[in-house]
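The numbering of the sequence shown is the working numbering, which starts it at -15 and goes up by one. Yeah, the Cβ is synthetic: ideal placement off N, Cα and C, and Gly gets one too. Below is one structure, written out as structure tokens; comments come after it.
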Amino acid sequence: MEDQVAALDCPLPMKPLKAAATTSQPMLSCQQIETIFFKVPELYEIHKDFYDKLFPRVQQWSHQQRVGDLFQKLASQLGVYRAFVDNYETAVETAEKCCQANAQFAEISENLKARSTKDSKEQTTKNSLETLLYKPVDRVTRSTLVLHDLLKHTPASHPDHSLLQDALRISQNFLSSINEDITPRRQSMTVKKGEHRQLLKDSFMVELVEGARKLRHVFLFTDLCLCAKMKKQIGGRNQQYDCKWYIPLTDLNFQMLDEIEGIPNIPVVPEEELEAMKMKISQLKNDIQREKRANKGSKVIERMKKKLSEQESLLLLMSPNMAFRFQNRNGKSYTFLISSDYERAEWRENILEQQKKCFKSFSLTSLELQMLTNSCVKLQTVHHIPLTINKEDDESPGLYGFLNVIVHSASGFRQSSNLYCTLEVDSFGYFVNKAKTRVYRDTSDPNWNEEFEIELEGSQTLRILCYEKCNKSRLAKEDGEITDRIMGKGQIQLDPQLLQNKDWQRTVISMNGPEVKLSVKFTSRELSLKRLPSRKQTGVFGVKISFVTKRERSKVPYIVRQCVEEIERRGMEEVGIYRVSGVATDIQALKTAFDANNKDVSVMMSEMDVNAIAGTLKLYFRELPEPLFTDELYPNFAEGIVLSDSVAKESCMLNLLLSLPEPNLVTFLFLLDHLKRVAEKESVNKMSMHNLATVFGPTLLRPSEKDSRIPANPSQPITLTDSWSLEVMSQVQVLLYFLQLETIPTPDSRRQSILFSTEV
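Encoded structure:
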């Protein structure tokens, strides 16, 4: 709340200006000062009074403490804001005229020092006068969000609840009345008399320039697309941009893609390098939290934050591989790399819609281009590169665990077609495709009713895209891209408070015509990954592997052999095999069949989607009461993988492997051989050894509850410490090590006979 007072600390520049107004050489007249700073002193006093009364209550905080009356009073004084807003345009215009007339005032207005109280009362930052004048308007929005969050955590029985509701209602009504007036002014600039260029959309994207990846800030205006490079900020100066290129929308075309997966010569970063970056990011976050708890000096933490920023920026730069190409009227093309079809479709739709309103080309003079680039600082809507380091301390870290999603049905399509959906979630700042429904053929009302389990790593958003399955020849003629057509897209925010009750939440996602019905349910990683002690002797799921092999008189459990055989028969070239989720109901049906020793299980498998069979195999290993690598040896594997001497590491890891109980060892070697064959088809199935290690590592190594080194935190059931992320990454590294070993020698002949006799 102290930030509220700082945001309105604008009376400070008024004092010298007012003092100068009475001299023989005034910088501004008293009337001009009154117009520019209209109602600012009153707003300052309102917030100072609010802060002074709130601060002591917060210092003596308890569940019975009341603050609702202060927020209600603040909301009741929004009439002062109304007067400020009504004068806002006049204030900005007056300031601009004064800047043009007085170079000294222009210099002052671009470099005003305002107190920033976020880290230190003494710290100051430079702001333009226009930026400071907008802060009171922005403050109402932020106060409304604070009220919204307060109500979430205030029980209905608390005396503050009705007061906060009243304050929120007043604030929201006020906001809706001013948004239409203020937003266009903030995002527009005059091009010619009577014409306005308005900012429609902007985001950070990776541009491919002569084979190198470059981070760019792309702005879409009503008549042009501008690509700019953000200059490094020096000495706390405001952001500045260098224009790299621009294309009038009348001259912009989307260039055809030559291949389904994009264009040649995209420098793809190996998965293991991206995972190494994620591991460093998790380690640095963990270290920063540890230093904060130890109250170490700010310099140490700042150095760590700088390293974290570098790693996150590198991951943001290296992760996207999906091409999105523009072309101007001279045939010059520009390639962006993005991580999701969602963004590509969003930009494409926005540009195509705006092109309908553009009828003539134009060129900008260097001065006009400079003015436009300078305006991007004031007009931008995406203020920060999407890094964790740029988030506010109180922002949600996202969800860690498993999200079950049922895609029920869709409606609102104009004609029958072959329809399917994909699901994406964000992870480490970019989106990843996690699941795909079956194709529902020749319908405008598909009923999938398919359930998927999606792993979340700090995720905040679930996206769904609905596609029409198209044949290549038809689409190549119509659209120039050999791919399926997006029929609709939408997203929902993964609200931790809403999902915490562990019940199914039903929702409808509107897609500008079509609608998709979903149900979602979240399970924290702590709960979903528990290994429970075996209580049953029948069936195969949740039963010790030694019991199963002894009962079956086999060396490798029947379920493992059957699933591997079916996947090798028809799933080796399936894109994302083992990574893409199978339908949960199919997986449960197979689980029941294997547990009941159903003789028709092989017939069931032959009729099911291969991803469900892959999901059944993963579920079997996940539900073992003890990991395949055993609780006893798990800590030794975790220590062995970090050895720096390669000879010592190989000796240690192989000896540990050969120390496993016989059924565990033989089953692992059987699975390892299969996974290596899957990785050989990487060019088709997109599953590298590293991808497979990421999927299977935690499944095969994660210890039982009693041996888990993960600290329980009942007060935060839906978050995950970064130390857990590091442990998961260690499990991935162990499996990757064995996948990459060409041969696994055996120390004696008895072992030799076991290793190469995996048949029944």
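Is it right to say residue i is buried, meaning 16 or more other beta carbons lie within 10 angstroms of its own, or is it exposed?
{"i": "Lys420", "result": "buried"}
{"i": "Thr357", "result": "buried"}
{"i": "Pro40", "result": "exposed"}
{"i": "Gly472", "result": "buried"}
{"i": "Pro168", "result": "Below a pLDDT of 50, predicted positions are generally treated as unreliable, and Pro168, at 43, falls in that range; no measurement from the model is reported."}
{"i": "Phe652", "result": "buried"}
{"i": "Asn485", "result": "exposed"}
{"i": "Thr703", "result": "With a pLDDT of 37 at Thr703, under the threshold of 50, the predicted position of this residue should be treated as unreliable, though the coordinate-derived value follows. With 16 or more Cβ atoms within 10 Å of its Cβ, Thr703 is classed as buried."}
{"i": "Asn157", "result": "exposed"}
{"i": "Ser590", "result": "exposed"}
{"i": "Arg693", "result": "Annotation note: pLDDT 45 at Arg693 (below 50); position unreliable, coordinate value reported separately. Result: exposed."}
{"i": "Phe310", "result": "buried"}
{"i": "Pro695", "result": "Note that Pro695 scores a pLDDT of 38, beneath 50, so its modelled location is shaky and nothing firm can be said."}
{"i": "Asn249", "result": "exposed"}
{"i": "Glu91", "result": "exposed"}
{"i": "Arg197", "result": "buried"}
{"i": "Arg537", "result": "exposed"}
{"i": "Asp570", "result": "buried"}
{"i": "Glu441", "result": "buried"}
Please name the residue, chosen from the options, that lies closest to residue i on a Cα-to-Cα basis.
{"i": "Leu96", "options": "Leu116, Glu80 and Ala79", "result": "Leu116"}
{"i": "Cys454", "options": "Val500, Asp144, Ser400 and Val416", "result": "Ser400"}
{"i": "Lys262", "options": "Gly413, Thr128 and Gln339", "result": "Gly413"}
{"i": "Arg563", "options": "Leu603, Gln546 and Val51", "result": "Leu603"}
{"i": "Lys228", "options": "Gln354, Glu337 and Asp271", "result": "Gln354"}
{"i": "Glu711", "options": "Asp487, Lys264 and Ile30", "result": "Lys264"}
{"i": "Leu152", "options": "Val124, Ser643, Gly382 and Gln48", "result": "Val124"}
{"i": "Glu666", "options": "Ala573, Gly560, Ser628 and Glu441", "result": "Gly560"}
{"i": "Ser630", "options": "Met713, Leu725, Tyr326 and Asp579", "result": "Leu725"}
{"i": "Lys290", "options": "Asn305, Leu268, Ser303 and His145", "result": "Leu268"}
{"i": "Thr467", "options": "Ile476, Phe415, Leu478 and Tyr451", "result": "Tyr451"}
{"i": "Ser303", "options": "Arg313, Ser323 and Glu616", "result": "Ser323"}
{"i": "Gly385", "options": "Phe506, Glu29, Gly315 and Ala85", "result": "Phe506"}
{"i": "Asn582", "options": "Glu623, Val540, Thr522 and Leu627", "result": "Thr522"}
{"i": "Asp615", "options": "Pro687, Gln61 and Asn433", "result": "Pro687"}
{"i": "Asn431", "options": "Phe397, Gly526 and Asp579", "result": "Phe397"}
{"i": "Pro609", "options": "Leu685, Glu558 and Arg515", "result": "Arg515"}
{"i": "Asp426", "options": "Lys136, Asn402 and Ile438", "result": "Asn402"}
{"i": "Pro25", "options": "Tyr35, Val64 and Ala577", "result": "Val64"}
{"i": "Ser347", "options": "Glu327, Met214 and Arg313", "result": "Arg313"}
{"i": "Pro381", "options": "Asn388, Pro370 and Val389", "result": "Pro370"}
I believe residue i touches residue j by the beta-carbon criterion, under 8 Å. Please report the beta-carbon distance rounded to the nearest angstrom.
{"i": "Gly474", "j": "Ser494", "result": "6 Å"}
{"i": "Val718", "j": "Phe621", "result": "5 Å"}
{"i": "Ser428", "j": "Lys501", "result": "Actually they do not touch by this definition, with Cβ atoms about 15 Å apart."}
{"i": "Ser395", "j": "Pro498", "result": "7 Å"}
{"i": "Thr234", "j": "Lys344", "result": "6 Å"}
{"i": "Leu478", "j": "Leu383", "result": "5 Å"}
{"i": "Ser127", "j": "Ser112", "result": "No, Ser127 and Ser112 are not in contact; Cβ-Cβ is about 23 Å, not under 8 Å."}
{"i": "Val746", "j": "Thr445", "result": "This structure cannot settle anything about residue 746, because the visible part of the chain is limited to -15 through 744."}
{"i": "Val416", "j": "Cys405", "result": "Val416 to Cys405, Cβ: 16 Å. No contact."}
{"i": "Leu574", "j": "Leu659", "result": "Not a contact, Cβ separation roughly 20 Å."}
{"i": "Tyr225", "j": "Lys213", "result": "7 Å"}
{"i": "Phe436", "j": "Leu407", "result": "6 Å"}
What does DSSP give as the partner residue(s) for residue i in the beta ladder?
{"i": "Gln61", "result": "DSSP, once it has assigned bridges, lists no residue as partnering Gln61."}
{"i": "Ser266", "result": "In DSSP, Ser266 forms no bridge with anything."}
{"i": "Asn237", "result": "Gln311"}
{"i": "Asn431", "result": "Ser393"}
{"i": "Leu781", "result": "Not covered by the structure: residue 781. The range shown for the chain is -15 to 744."}
{"i": "Thr445", "result": "Gln477"}
{"i": "His201", "result": "Phe188 and Ala212"}
{"i": "Val492", "result": "Lys501"}
{"i": "Cys450", "result": "Cys405 and Gly472"}
{"i": "Thr746", "result": "Residue 746 lies beyond the stretch modelled for the chain, which goes from -15 to 744, so this question has no answer here."}
{"i": "Asn417", "result": "Glu408"}
Is the shortest distance between the beta-carbon of residue i and the beta-carbons of chain D less than 9 Å?
{"i": "Leu720", "result": "Chain labels in this structure do not include chain D; a single protein chain is all it has."}
Shorter than 8 Å, the distance from the beta carbon of residue i to the closest heavy atom of the ligand FMN, or not?
{"i": "Asp629", "result": "Of ligands this structure carries none, so the ligand FMN is not represented either."}
Could you tell me whether the region 632 to 639 touches the region 673 to 681, where touching means 3 or more Cβ pairs closer than 8 Å? The way I'd put it, the region 632 to 639 doesn't touch the region 673 to 681; fewer than three beta-carbon pairs between them come closer than 8 Å.
Just checking, does the region 521 to 541 make contact with the region 640 to 654 on the three C-beta pairs under 8 Å criterion? Between the region 521 to 541 and the region 640 to 654, the count of C-beta pairs closer than 8 Å reaches three or more; the two stretches touch.
Flag this pair as touching only if the region 565 to 580 and the region 590 to 599 have three or more C-beta atom pairs under 8 Å; answer yes or no. Yes, since at least three Cβ pairs between the region 565 to 580 and the region 590 to 599 fall closer than 8 Å, the two stretches touch.
Kindly confirm or deny that the region 72 to 88 and the region 17 to 24 touch, where touching means at least three C-beta pairs closer than 8 Å. Result yes; three or more Cβ-Cβ pairs closer than 8 Å.
When the Cβ atoms of the region 134 to 146 are set against those of the region 45 to 54, are three or more pairs found closer than 8 Å? A contact exists between the region 134 to 146 and the region 45 to 54.
Does the region 612 to 628 come into contact with the region 537 to 554, if we say contact requires no fewer than three beta-carbon pairs (one atom in each stretch) closer than 8 Å? Verdict: no, contact absent.
Between the region 198 to 214 and the region 273 to 280, do at least 3 Cβ pairs fall closer than 8 Å? Flag = no, the region 198 to 214 and the region 273 to 280 do not touch.
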